[in-house]
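Under the numbering used here, the final residue of the sequence shown carries the number 632; numbering is consecutive throughout.
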Amino acid sequence: MRITLIKTTIKYSMIIYWHAIRRHIRYRLNSFRIMRLLFLLTCCLFIFVQYLLTKLFYWEKKPSPLLTRLYPDMPMTIDLRSYSVCHPKKLYLDTITSYYHQYSKQQTCFLIEHLNGGPWWSYVTHEFAEVLTNLKEIGIQSNIIYRSFPQNIKFDYKTNFTKYFLNACNLDENLYMQNKIPIVILLWDIDRLLWNEMHHQWIYLLEKLQIRVLVFIDDLHFTTKESFLSRQYLFQFISSEIFSTYPYIFHNYYYSISSSKITWLPHAASSLSYRSINRSADNLLFISGAQIFEWYPCRSRAFHLCRSRKDLTACLKHPGYGETMKNDSSFFYGGRRYFSYMRQYVFGLGTCQSVHYAIAKLFELPANGLALVTTNDLVPILERLNLYHNEHFLTIQCLSVNRLIKEIKRLQNISQDKIDNIRIKSQKVIYERHTTQHRAQLLHVRLLAQALIAMSSSDEERTQWKQWGRYCDQY
């Protein structure tokens, strides 16, 4: 009994002692945990700081304008002689439509990518979406069916091109092979696939079908080698015609592409623009868009002034192209909201010195009654579009922020009558020659011309159709 009692006493004593130790250890562990947590937080903070420093000094920059063309070590050259933009009246739209209906025994199948505007409705001004939907309306008025790409079938690397396009045209493959009709395709999103990786598909398609492939390209610069190879292949070997917003510098980016294959389809003013002059606008320079110095040096300097010289400038940063831009009513982005915002100001800056792009702002600013302000490199390009220096737009020097300040002050001191005259005249030219409706008319004319080329048996006729809507002084 005594032994049992001793054992029991020892047992309970050990239990009590163990609980005491556990309480002590728990207290020590709590302190240890706090120290450990502080240590971990310190480590995380150190790693985060290292990450920020790495991003600051070793971040991967956006491709330089110099590195996104064929010969970065050579100056860019501009070829304006090879391209022109016809006055809409000289497109003779009704005439070529009559020719088409007269010559075509069967309706050509026209397939247009994003015919209903597609993702281009999320573009700031809706420009391309309007061009495509206007094209559809012109087709209806001309008794010509423009078809969309099928929405229920994916267009990717696994797609059988031949079946895809025949199905889109509601054509049976066996019957088509016995009695071929022209198929004219307009690709509007040329970067959706790497076309050179589908070489065998294209070869089979071009051999089996009576098909002509037309493509549209906006920004010419490429960001990867894969993108360049894909575009080069498409332009050189597949396309019958290329619609380019900047054809005069096309040869700086892609090789062995004849200018006769390229049609100038400039940017244009949206139908949502305000066709009036705001006489009570603030005497400031309006700046909007991306702030990438290498690409937009003058614009970036102007944005710098927005933070310090609100007596000279007013800025609106680039909204991107997503759903936020389309739907967020708190921002002046998209369609009329954007245009109503810019109309608060007398002057608007539109320039792209790094690559001499005749960007959309050159059209949307004067369309909404602002006096267009640009740089000297764009003067000859604008003249080719019937917009003339000091008559339809003004220029500035902006090699430095200080120089830009002086230039804006100079603009602000020009007489109101002269500025108003420039605003009125430039707006008139835009609405006569450079709206999305005019671009849709040009596309319509060229689509019909390509169908007529496919149907023609005479070299003389084919030459006529190749020139129609492109070289207006020749017919």
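Every residue, glycine too, gets a C-beta built ideally from N, C-alpha and C.
Euclidean distance between Cα positions of residue i and residue j
i: V503; j: Q569; result: 9 Å
i: N640; j: T593; result: A query on residue 640 cannot be resolved here, the shown segment of the chain reaching from 158 to 632 and no further.
i: N353; j: L344; result: 15 Å
i: L350; j: S437; result: 49 Å
i: F443; j: C472; result: 6 Å
i: I340; j: L599; result: 19 Å
i: R567; j: L506; result: 15 Å
i: S417; j: V530; result: 32 Å
i: H601; j: N324; result: 23 Å
i: I434; j: L527; result: 8 Å
i: L519; j: L539; result: 9 Å
i: D346; j: A608; result: 21 Å
i: H595; j: L605; result: 16 Å
i: D236; j: W452; result: 21 Å
i: D574; j: R580; result: 10 Å
i: T470; j: S583; result: 22 Å
i: C243; j: Y628; result: 7 Å
i: S487; j: E521; result: Residue confidence is low: S487 scores 46 on pLDDT, short of 50, so the model does not pin down where it sits. No coordinate-derived value is stated.
i: L362; j: Y240; result: 31 Å
i: D534; j: V558; result: 19 Å
i: E270; j: L561; result: 43 Å
i: H357; j: D439; result: 59 Å
i: I648; j: K382; result: Outside the displayed range of the chain (158 to 632) lies residue 648, so it cannot be described from this structure.
i: E548; j: N578; result: 8 Å
i: Q393; j: D468; result: 51 Å
i: L366; j: Y333; result: 8 Å
i: P229; j: C509; result: 17 Å
i: F450; j: L224; result: 15 Å
i: K311; j: N317; result: 10 Å
i: K246; j: I374; result: 25 Å
i: S305; j: W421; result: 23 Å
i: V512; j: L391; result: 23 Å
i: V281; j: N336; result: 45 Å
i: S384; j: W359; result: 18 Å
i: K585; j: A524; result: 8 Å
i: K218; j: T254; result: Reliability of the predicted coordinates at K218 is poor, the pLDDT of 46 falling under 50, and the value obtained from them is presented with this limitation in mind. The alpha-carbon atoms of K218 and T254 are separated by roughly 49 Å.
i: Q308; j: Y321; result: 11 Å
i: D376; j: D348; result: 11 Å
i: T101; j: Q263; result: For residue 101 there is no data in the structure shown, the boundaries of the chain being 158 and 632.
i: Y256; j: W278; result: 33 Å
Distance between beta carbons of residue j and residue i, contact taken as under 8 Å
i: Y588; j: R432; result: 6 Å
i: L268; j: I342; result: 5 Å
i: E564; j: I553; result: 4 Å
i: A591; j: L542; result: According to the sequence shown, residue 591 is His rather than Ala. Rounded, the Cβ-Cβ distance is 7 Å, consistent with contact.
i: E398; j: R603; result: 6 Å
Exposed unless 16 or more other CB atoms sit within 10 angstroms - verdict on residue i
i: A447; result: exposed
i: I387; result: Note that residue 387 corresponds to Ser in the displayed sequence, not to Ile. Buried, since its Cβ has 16 or more Cβ neighbours within 10 Å.
i: R369; result: buried
i: G492; result: buried
i: L556; result: exposed
i: R238; result: exposed
i: S396; result: buried
i: Q516; result: Per the sequence shown, residue 516 should be read as Ile rather than Gln. I516 is buried by the Cβ-count criterion.
i: M355; result: buried
i: Q389; result: buried
i: I576; result: buried
i: E284; result: buried
i: Y141; result: Because the chain is modelled from 158 through 632, residue 141 falls outside the range shown and cannot be assessed.
i: I301; result: buried
i: F496; result: buried
i: L127; result: Here the chain has residues from 158 to 632 only, and residue 127 is not among them.
i: H378; result: buried
i: Y314; result: exposed
i: L295; result: The residue asked about is misnamed: residue 295 is Ile in this sequence, not Leu. Result: buried.
i: K293; result: buried
i: T265; result: buried
i: N409; result: buried
i: F231; result: It is Met, not Phe, that sits at residue 231 in the sequence shown. With fewer than 16 Cβ atoms within 10 Å of its Cβ, M231 is classed as exposed.
Residue-level contact to chain B via CB, residue i, 9 Å cutoff
i: K382; result: No chain B is present in this structure, which holds just one protein chain.
Residue ranges of each alpha helix (DSSP H) run of no fewer than 4 residues wholly in the segment 558-632, ordered along the chain?
-> Counting whole runs of 4 or more residues, the segment 558-632 contains the alpha helix (DSSP H) stretches 558-569, 573-590, 593-612 and 616-624.
Mind the definition here: the segment 276-294 touches the segment 420-434 only if three or more C-beta pairs lie below 8 Å; say whether that holds.
-> yes
Does the segment 611-621 come close enough to the segment 399-412 to have 3 or more Cβ pairs within less than 8 Å?
-> no
Contained beta strand (DSSP E) runs [length at least 3] in the segment 296-361, N- to C-terminal order = 303-305 and 340-344
Considering only residues of the segment 390-472, which uninterrupted beta strand (DSSP E) runs meet the minimum length of 3 residues and lie entirely inside it, listed in chain order?
-> 396-401, 419-421 and 439-446
Do the segment 461-469 and the segment 250-266 make contact, defined as three or more Cβ pairs closer than 8 Å?
-> no
Can you list the beta strand (DSSP E) stretches of 3 or more residues lying completely in the segment 226-285, in chain order?
-> 266-269
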